[in-house]
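> A single structure is presented below for examination.
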Amino acid sequence: MELKTLLALNMKKQRQNLGISQAALAERVETSTHYIAMIELQRKTPSLVMIERIAKALEIESPELFSMKTILTESVKKIQTAVIENIQETVRLSIQETLKNIESEYFEEKEEK
């Protein structure tokens, strides 16, 4: 994965964790909202000095902006979501099949009487 991508994803994730907007981050960093947006969209690459200012504004150490931890966490969440959806679908189909069987047995008993 490219460093630019890691930076963008980690920056956005930490900003969201802090509950701040791009504008609020830009204010903390003393830059424009547009510049912050361009970094998060991977259209601009900040200087090392700017990376340090961004990290400080995000209340993390600058190496964390290039950590794979966020990406791994997001991947695990996607897998968990997929597994849960598969389980829910399997349970739904099982319940549906059970209800059909019960209904079928009920009508068979009524017809016999």
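Residues in the sequence shown are numbered from 624 upward in steps of one, following this note's numbering. Where is the CB? At the ideal position from N, CA and C, for every residue including glycine.
Kindly list the residues whose CB is nearer than 7 angstroms to the CB of Gln665, restricted to its own chain and excluding five residues on each side of it in sequence; keep chain order.
For the purposes of this step, residue 665 is taken as the residue at position 42 of the sequence shown. Excluding sequence neighbours, Gln665 sits near Lys627, Thr628, Ala631.
> Where does Lys667 sit, in a helix, a strand or coil, going by DSSP?
By 1-based counting over the sequence shown, the position of residue 667 is 44. Lys667: coil per DSSP, three-state reduction.
> Measuring CA to CA, which of Gln703, Glu731, Met634, Tyr729 is closest to Ile677?
Your numbering for residue 677 matches position 54 in the sequence shown. Ile677 has its Cα closest to that of Met634, out of Gln703, Glu731, Met634, Tyr729.
> CB-CB under 8 angstroms to Glu675, same chain, minus the five flanking residues each way: which ones, in chain order?
As a first step, residue 675 must be located in the sequence shown, where it is residue number 52. So the qualifying residues of the chain are Ser685.
> Measuring straight from C-alpha to C-alpha, what distance separates Val652 and Glu697?
Along the sequence shown, one-based indexing puts residue 652 at 29. Along the sequence shown, one-based indexing puts residue 697 at 74. If I take the Cα positions, the gap works out to 26 angstroms.
> Name the two residues that bound the continuous alpha helix (DSSP H) containing Thr628.
In the sequence shown, counting from the first residue as 1, residue 628 sits at position 5. Unbroken alpha helix (DSSP H) run through Thr628: 626-641.
> Apply the 10 Å Cβ neighbour rule to Ala705 and answer buried if 16 or more other Cβ atoms are within range, or exposed otherwise.
As a first step, residue 705 is located in the sequence shown; it is residue number 82 there, counting from the start. With fewer than 16 other Cβ atoms within 10 Å, it is exposed.
> How about Ile659 and Gln639: do their beta carbons lie closer than 7 angstroms?
Within the sequence shown, the letter at position 36 stands for residue 659. Within the sequence shown, the letter at position 16 stands for residue 639. Their beta carbons are not under 7 angstroms apart, which means Ile659 does not touch Gln639 by this criterion.
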